[in-house]
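Encoded as structure tokens, the structure appears first; notes follow it.
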Amino acid sequence: MIVRLLLALVLLAGTTAQAEQGGDAARGEELFNQCSGCHQVGQGAVDRIGPHLNFIFDRAAATADGYRYSASLKRAADGGLVWNYETLDAFLENPRAIASRTRMSFRGIDDQQDRDDLLAYLRKFSDDPQNIPESAPTAAAVDHTVAPEILAIVGDPAYGEYLSGECTSCHQTSGAGEGIPSITRWPADDFVTAMHAYKVGVRAHPVMQMMAGRLSDEEIAALAAYFEQVEE
Amino acid sequence: MALQRRTFLGVAAATAGTLAAPMVLAQGKPRVVVIGGGAGGATVARYIAKDSDGAIDVTLVEPTRAYYTCFFSNLYIGGFREMNALGHSYGGLAAGGVNVVHDWAVGVDRDAKTVTLAGGASLPYDRLILSPGIDFVDGSVPGWDLSAQNAMPHAYKAGSQTELLKAQLMAMPEGGVFAMVAPPNPYRCPPGPYERVSMVAHLLKSVNPTAKILIADPKEKFSKQGLFEEGWANHYDGMIERVGPDFGGANTSVDPAAMTVDIDGEVTKVDVCNVIPAMKAGRIADIAGVTDGNWAPVNAADMSSKIDPNIYVLGDASAQGDMPKSGFSANSQAKVCANAVRGALTGSTVFPARFANTCWSLIDTNDGVKVGATYEATDEKIAKVDGFISATGESADVRAATYRESEGWYDGITADMFG
Ligand SMILES: Cc1cc2nc3c(=O)[nH]c(=O)nc-3n(C[C@H](O)[C@H](O)[C@H](O)COP(=O)(O)OP(=O)(O)OC[C@H]3O[C@@H](n4cnc5c(N)ncnc54)[C@H](O)[C@@H]3O)c2cc1C
Numbered sequence: 000m001i002v003r004l005l006l007a008l009v010l011l012a013g014t015t016a017q018a019e020q021g022g023d024a025a026r027g028e029e030l031f032n033q034c035s036g037c038h039q040v041g042q043g044a045v046d047r048i049g050p051h052l053n054f055i056f057d058r059a060a061a062t063a064d065g066y067r068y069s070a071s072l073k074r075a076a077d078g079g080l081v082w083n084y085e086t087l088d089a090f091l092e093n094p095r096a097i098a099s100r101t102r103m104s105f106r107g108i109d110d111q112q113d114r115d116d117l118l119a120y121l122r123k124f125s126d127d128p129q130n131i132p133e134s135a136p137t138a139a140a141v142d143h144t145v146a147p148e149i150l151a152i153v154g155d156p157a158y159g160e161y162l163s164g165e166c167t168s169c170h171q172t173s174g175a176g177e178g179i180p181s182i183t184r185w186p187a188d189d190f191v192t193a194m195h196a197y198k199v200g201v202r203a204h205p206v207m208q209m210m211a212g213r214l215s216d217e218e219i220a221a222l223a224a225y226f227e228q229v230e231e
Numbered sequence: 000m001a002l003q004r005r006t007f008l009g010v011a012a013a014t015a016g017t018l019a020a021p022m023v024l025a026q027g028k029p030r031v032v033v034i035g036g037g038a039g040g041a042t043v044a045r046y047i048a049k050d051s052d053g054a055i056d057v058t059l060v061e062p063t064r065a066y067y068t069c070f071f072s073n074l075y076i077g078g079f080r081e082m083n084a085l086g087h088s089y090g091g092l093a094a095g096g097v098n099v100v101h102d103w104a105v106g107v108d109r110d111a112k113t114v115t116l117a118g119g120a121s122l123p124y125d126r127l128i129l130s131p132g133i134d135f136v137d138g139s140v141p142g143w144d145l146s147a148q149n150a151m152p153h154a155y156k157a158g159s160q161t162e163l164l165k166a167q168l169m170a171m172p173e174g175g176v177f178a179m180v181a182p183p184n185p186y187r188c189p190p191g192p193y194e195r196v197s198m199v200a201h202l203l204k205s206v207n208p209t210a211k212i213l214i215a216d217p218k219e220k221f222s223k224q225g226l227f228e229e230g231w232a233n234h235y236d237g238m239i240e241r242v243g244p245d246f247g248g249a250n251t252s253v254d255p256a257a258m259t260v261d262i263d264g265e266v267t268k269v270d271v272c273n274v275i276p277a278m279k280a281g282r283i284a285d286i287a288g289v290t291d292g293n294w295a296p297v298n299a300a301d302m303s304s305k306i307d308p309n310i311y312v313l314g315d316a317s318a319q320g321d322m323p324k325s326g327f328s329a330n331s332q333a334k335v336c337a338n339a340v341r342g343a344l345t346g347s348t349v350f351p352a353r354f355a356n357t358c359w360s361l362i363d364t365n366d367g368v369k370v371g372a373t374y375e376a377t378d379e380k381i382a383k384v385d386g387f388i389s390a391t392g393e394s395a396d397v398r399a400a401t402y403r404e405s406e407g408w409y410d411g412i413t414a415d416m417f418g
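From first to last, the protein sequence lines stand for chains X and Y.
Take 0 as the starting number for the first sequence in numbering that gives the first Met the number 0 and just add one per residue.
Take 0 as the starting number for the second sequence in numbering that gives the first Met the number 0 and just add one per residue.
The structure is reproduced here in structure tokens:
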């Protein structure tokens, strides 16, 4: 870790000026709301639907410990992709330009200023280690809470596989997706929470409200269990 | 129908040596033959092969080497998609363990449980699944039959017909008239003709803005009517005229040689005419003797034929109840059927049937709308549970997001069908 930080600090010289010049970290924090459904950053950040983003700058792509990356991003990493200002900027502009079948279901940010601000915010958690302890933990990865006894239900992945036929008319099992987000390999708790948010109408999407509306708690758990472990 | 179980199309069934593969059936394995590699057939073949992991021998019979989706074929007419982006090959299915045979099925012997192919081969089955799509009802639009499909294309099976219709639209004289004879219920893709009108209007607005569109419609109401009419007023004001049954739209005939359309005695000379006739189950369903009238009645729990328990009928060809005839519906029914067939042949767990459908339509650039519902199996039919439809007056952002979603759906369903 120390070695990596030192290395990061050395390498930083090139990017600091650029990111600080163009980026407003406070505004970036607000913009991060569109990311926080899947990514955490800051103290206590852990992998959720997407990997945590602490120390993302100068990290070789697809190397957050324990996170199961898409085959597409792993291929990009094998090709030598390292996250720095330029590559993150390009990825944020159009994720599929970097990894064509990434599970990051995000259209990208067209506005250069928005990207600069976001990167200025993220950089606080990469190259400035002393800032991390003071940062508030980011919002939970989900927008709704469900009763612990619902989260505790152990789903049957075989039933989930059958039920998943209803999902795969639109959502691709491979995790690829544009227009329709990836639902592959989400942590089961996040999957369950999101589906219940649709079921009770907290999340607004008519198709998903309809689909979730008739799934029982056990069926949602079964789907979560299946999609958490499905092979791409 | 019950009297004559062994019937053939009028095709010489003597060509030798075409098909070695299907004759080499694995010993002792249960055999499933699927006729038709479209939304229903490709999905069911893929799922049975995938989920049974080699325990079931699956053969798919489909004459074409590339399947061109009807879904999004209207977007090709509007200029939003390339034709080659609508084509899908069967390589993924073959790689997934499906024995793909490119030929026509021309006969079904329900007693011997065999399917005869145009090439002469005979395929034995334990279970037969039919998903042949639609054919047209003879004489439903007086003056039109299949021999007139070049003068007045239907473009209701995608591919060369769709290209022909678009070429005719592009060649239309300035200020000319495009006519559509819309079909009576039930037919494949209830919003399809009206999405087509929208896409034709979009195309003409840019290449031929003084052109007019005339719809002769035998139906009082149509799918997503409020949304389409709102969109037409917003984007194509004054361009589109629809004559419903109250003004004689149900009493329409055509003359392909003279290029005229006669609506209740009023004859109009038109430049391009899209005749979408009344529809019925793809002919092989009739040949197999599993139709009652125009469609093949099925049990909602597993899509098995009400006439022969060893035969299943999916998608447009089936009479199942409340689901619209759509690619989404066929794909949904295929997964219920795959689970049931696998259970019947290998004893695997059969889960209760559940169905869903959503149909997106594009009205103009970034103006997408959708309608959808969930369904369940009851004793007599597939019955609607719950549904929704886009609202009129939605914001441009919502409509743009709906369109993007439809693009995602296209990628999703074609991946689900073809692997
Ligand atoms: C313009 C248009 C737009 C549409 N848009 C949408 C949409 O947006 N969303 C949607 O969900 N649906 C849409 N649809 C409807 C959708 O295309 C059909 O409902 C769907 O394809 C039905 O699937 P199927 O399996 O029943 O038949 P098909 O997909 O038509 O497949 C039938 C297959 O069987 C083969 N076949 C037929 N007879 C034989 C035989 N004797 N032997 C061997 N093979 C045979 C055919 O070659 C064909 O490949 C649209 C349709 C049209 C025309």
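Built from N, CA and C at the ideal position, the CB exists for glycine as well.
Asked	Found
Any non-hydrogen atom of ligand 1 within 7 Å of Y:D315 CB	yes
Beta-carbon proximity of Y:D301 to Y:V335, cut-off 8 Å	yes
Any non-hydrogen atom of ligand 1 within 7 Å of Y:G371 CB	no
Under the three-state DSSP convention, the category Y:T267 falls into	strand
Same chain, Cβ closer than 7 Å to Y:V199, neighbours up to 5 away in sequence not counted	I76, L168, F177, I212
Inter-stretch contact (C-beta, 8 Å, three-pair minimum) for the stretch 85-99 of chain Y and the stretch 130-144 of chain Y	no
Simplified DSSP state of Y:M171, which is helix, strand or coil	coil
Y:N477 Cβ short of 7 Å to ligand 1 heavy atom set	Since the first residue of chain Y shown is 0 and the last is 418, residue 477 of chain Y is not available in this structure.
Extent of the continuous beta strand (DSSP E) to which Y:V106 belongs	This sequence places Gly at residue 106 of chain Y; Val is not what is there. Looking at the DSSP string, the run of the beta strand (DSSP E) that includes Y:G106 is 104-108.
CB-CB length for Y:P192 against Y:M179, believed under 8 Å	6 Å
Test: X:R95 CB closer than 8 Å to a CB of chain Y	no
Expected contact under 8 Å - CB spacing of Y:R45 and Y:L74 to nearest Å	With 8 Å as the limit, Y:R45 and Y:L74 do not qualify as a contact, their Cβ atoms being about 25 Å apart.
X:W185 CB to nearest heavy atom of ligand 1 below 7 Å	no
Unbroken beta strand (DSSP E) run spanning Y:P123, endpoints	121-123
Residue range of the unbroken beta strand (DSSP E) whose run includes Y:K28	That residue, Y:K28, is in no beta strand (DSSP E); it is neither H nor E in DSSP.
Distance between Y:T113 and Y:V31 (C-alpha atoms, nearest Å)	11 Å
Segment contact flag, the stretch 218-237 of chain Y with the stretch 355-368 of chain Y, C-beta cutoff 8 Å, min 3 pairs	yes
Listed by chain order, chain X residues near Y:T373 by CB distance under 9 Å	E165, M209, M210, G212, R213
Contact with chain X by Y:A94, beta-carbon distance below 8 Å	no
Contact test: Y:I239 Cβ vs ligand 1 heavy atom, cutoff 7 Å	no
Heavy atom of ligand 1 within 7 Å of Y:I283 beta-carbon	yes
Distance between X:Y68 and Y:S347 (C-alpha atoms, nearest Å)	33 Å
Nearest to Y:K305 (by Cα), restricted to the options Y:G288, Y:D315, Y:D321	Y:G288
Y:G367 - partner residues in DSSP beta bridges	Y:L361
Reduced DSSP secondary structure (H/G/I, E/B, other) of X:N93	coil
Any non-hydrogen atom of ligand 1 closer than 7 Å to Y:W103 Cβ	yes
Proximity of Y:K279 and Y:G320 at Cβ, strictly below 8 Å	no
Positions along the stretch 171-201 of chain Y whose CB lies within less than 8 Å of some CB in chain X	none
Contact set for Y:A333: own chain, Cβ-Cβ below 6 Å, skip 5 residues either direction	G39, T42, V43, L313
Sheet register partners of Y:L129 (DSSP bridge)	Y:I34, Y:V312
Backbone CA spacing between X:H195 and X:M209 [nearest angstrom]	12 Å
For X:E133, three-class secondary structure by DSSP	No answer about X:E133 holds up, because its pLDDT of 25 lies below 50 and its placement is not dependable.
For X:N83 and X:G22, the rounded distance between their alpha carbons	15 Å
Secondary structure of X:D23, DSSP reduced to three states	coil
Helix, strand or coil at Y:M151 according to DSSP, with G and I counted as helix	coil
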